[in-house]
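Using UniProt numbering, the letters of the sequence shown correspond one by one to residues 1 to 402. Note that beta-carbon positions come from the ideal geometry of N, C-alpha and C, so glycine has one too. These notes concern the structure reproduced below.
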Amino acid sequence: MNGMTRFSSRRMGLEDIKYSMLLFMFSVYPFLANPAIQDYFEMRFFHLAVFSALALYVLFKEQVKIRHPLLIPLAAFLGFSLIATLLAADPKVAWTGSYRCTGYMTYVFCAVLFVLAYQTGRREKLLNGMFLAGVIVSTLAVLQFYGINLVPDSDLDGLVYSTMGNPNWLGAYLVLILPAAVIVSIRSSGWRSPAAAATLYAGLLVSNTRGAWIAFLVVFSWILVRHFHDPFQRKRIYIIMMIFLAITALLAFSKDGVLLSRAYSMKAEINDAVTLSNQAGSFRMLIWKEVLKLIPQHWAFGLGPDHLMYANIRMPNGMVQTKSHNFILEILITTGVFSLIAYLRFLGYFLMNWQSGEGFIYFAMILGYVLQGLFLHDVIMVVPLFWIILGFAASHLHSRPL
C-alpha cells in the first residue's frame with residue numbers, strides 16, 4: 001500500500017512539473033525578450049532548449065510508451081529534416097539556425113513539447129494562462145500604437161511589435177490565440193472572455209499584419225457558422241460582433257487612419273497577386289518566384305534548415321532575403337519534398353479530424369496559424385506554442401495513452 005501511495009505521489013509530482021512547464025511556455029515565454037539589445041530570439045531559444053531537456057527527463061521518468069499513428073509522419077518529418085541538416089553547407093546554422101534560431105534543433109524541441117502536451121491534463125487552465133499572456137501582449141501593442149512604448153527598441157520606432165520584435169510575428173502570435181478566446185466567449189456567460197477577446201482583437205488590428213487579418217477573418221467566419229444555430233450562442237455572437245465593430249471603428253480612424261489605409265491597400269495587393277506582379281504582398285511574390293526557381297536543384301533535401309540566405313535572393317532594396325514568407329515553400333526549399341510531405345501529412349491529421357466541443361477550439365487555433373503561415377514563416381516566438389496546441393489537439397482526438 002505504501003508503495004502504491006509513493007507511486008501515486010510521484011505521478012502527481014510529475015504531473016505538476018509538466019503542468020508548470022507548459023504554463024511557463026504559455027504565460028512567461030511570450031515575454032522573454034530584451035529589446036535594449038534587440039534580443040527576441042536567443043533568450044527564447046535557451047529557455048526552449050532547457051524546458052525540452054526537462055520535458056524529456058519527465059517523460060523518461062514516466063516511462064512513456066509511444067503508440068500513436070500520428071507519430072509516424074512526425075518521425076518522418078524529423079528524419080528527413082535531419083538528413084537535410086547533415087547535408088547542409090553551414091552545420092551551425094542548420095542545427096541551431098541563424099540569428100532567428102529556427103534551425104533543426106528548434107523543431108526537435110517543439111516535437112518534445114508536443115509529446116509533453118499530449119501527456120498533460122488541465123488544458124483549460126493552461127489556455128487561460130495563454131489568454132492572460134495574450135491580453136498583456138495585446139495591451140502593450142495597443143499602447144505602442146498610440147505612442148506609449150513600454151518595450152522600446154530604437155530599431156523598431158514607429159512599428160507595433162509588443163514583445164515579439166516584429167509586427168508580422170505579433171500577428172502570428174495573436175491569430176493563434178484569438179480564435180480560442182472568441183469561441184470561449186460565445187459558449188460561456190460573463191464578461192471576462194469577451195473582454196479578453198476584445199483586447200486580443202485590438203492587438204491583432206494594430207499589428208497591421210494583413211496576412212493575419214485574412215487568416216482571422218476566415219476562421220472567425222467559420223466560428224460564426226458553427227455556433228449561430230444555438231439561441232444562446234447566437235446572442236453572444238451579436239455581442240462579440242458589436243464589440244469588434246466598435247473596436248474596429250475606433251482604431252480605424254485613429255492615427256490619421258493608418259489602419260484604414262492598410263486595409264484599403266489590400267485591393268491593390270489582390271490585383272497585383274492576380275497578375276503575378278513581383279510587388280504583390282510586399283514583394284512576397286518576387287520571393288516565391290525566386291524560391292521556386294531553386295526547387296529543381298534542391299528538391300530532395302533542400303538547402304538546409306534556415307539556409308535560404310545562402311541562395312542570395314536580392315530584394316529591390318538590395319537586402320538578401322532569408323525567409324520564404326510561406327511555410328510550405330520554406331520547408332520545401334530548406335529540408336526538401338520528403339520532409340514537406342511528412343509535415344503536411346502531420347498537419348493534415350488535425351485539419352481533417354476536427355470535432356465539435358473542445359476539439360473545435362484547437363482546430364480553429366491551428367487553422368488560424370496555418371493560414372497566416374501562407375504569408376509568413378515559423379518564428380521561435382510562436383512556433384513552440386503552436387506545437388503545444390497540436391499536442392492538446394492530438395490528446396483530445398485520441399483518448400488512449402501514448
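Item	Value
Verify whether the separation of the beta carbon atoms of Leu126 and Phe41 is less than 8 Å.	no
In angstroms, rounded to a whole number, what distance separates the CA positions of Gln321 and Val382?	21 Å
Is it the case that the Cβ atoms of Met43 and Ala33 are separated by a distance below 8 Å?	yes
Tell me whether Val383 counts as near the ligand PLP, meaning its Cβ is closer than 7 Å to at least one heavy atom of that ligand.	This structure does not include the ligand PLP; it has no bound ligands of any sort.
Mapping the DSSP letters down to three states, classify Asn166 as helix, strand or coil.	coil
Among Ser81, Val206, Ala53 and Glu62, whose alpha-carbon lies nearest the alpha-carbon of Tyr343?	Ser81
Note down the Cα distance separating Met241 from Ser188, rounded to an integer number of angstroms.	15 Å
Please classify Gly171: is it buried, with 16 or more other beta-carbons within 10 angstroms of its beta-carbon, or exposed?	buried
In the DSSP assignment, what are the bridge partners of Arg314?	Val320
Does the beta-carbon distance from Lys18 to Val58 come in below 8 Å?	yes
So, at 8 Å on beta carbons, what are the nonlocal neighbours of Trp288 in its own chain, with the 5 sequence-adjacent residues on each side left out?	Ser324, His325, Asn326 and Leu329
Just verifying my parser: in three-state terms, what is the DSSP assignment at Asp39?	strand
Starting from the N-terminal side, write out each stretch of the alpha helix (DSSP H) that is 4 residues or longer and does not extend beyond the UniProt domain "O-antigen ligase-related" (196-344).	210-227, 231-252, 258-274, 280-298 and 327-335
To the nearest angstrom, report how far apart Leu351 and Asp272 are at their CA atoms.	30 Å
What runs of the beta strand (DSSP E), each 3 residues or longer, lie entirely inside the region 48-98?	none
Which value, in whole angstroms, describes the spacing of the CA atoms of Ile247 and Leu376?	26 Å
For Val160 versus Val206, is the C-beta spacing smaller than 8 Å?	yes
Can you tell me whether DSSP reads Asn128 as helix, strand or coil?	helix
Out of Tyr107, Val182, Ile136 and Gln119, which has the shortest C-alpha to C-alpha gap to Val28?	Ile136
Leaving out the 5 sequence neighbours to the left and right, which residues in its chain are closer than 6 Å to Leu251 when beta-carbon positions are compared?	Leu205 and Leu259
Would you tell me roughly how many angstroms separate the C-alpha atoms of Pro401 and Lys235, rounded to the nearest one?	Reliability of the predicted coordinates at Pro401 is poor, the pLDDT of 38 falling under 50, and no value is obtained from them.
Compare the Cα-Cα distances from Thr199 to each of Ala181, Ala212 and Thr209 and report the closest residue.	Ala181
Leaving out the 5 sequence neighbours to the left and right, which residues in its chain are closer than 8 Å to Ser261 when beta-carbon positions are compared?	none
Cβ atoms of Pro316 and Tyr173: under 8 Å apart, would you say?	no
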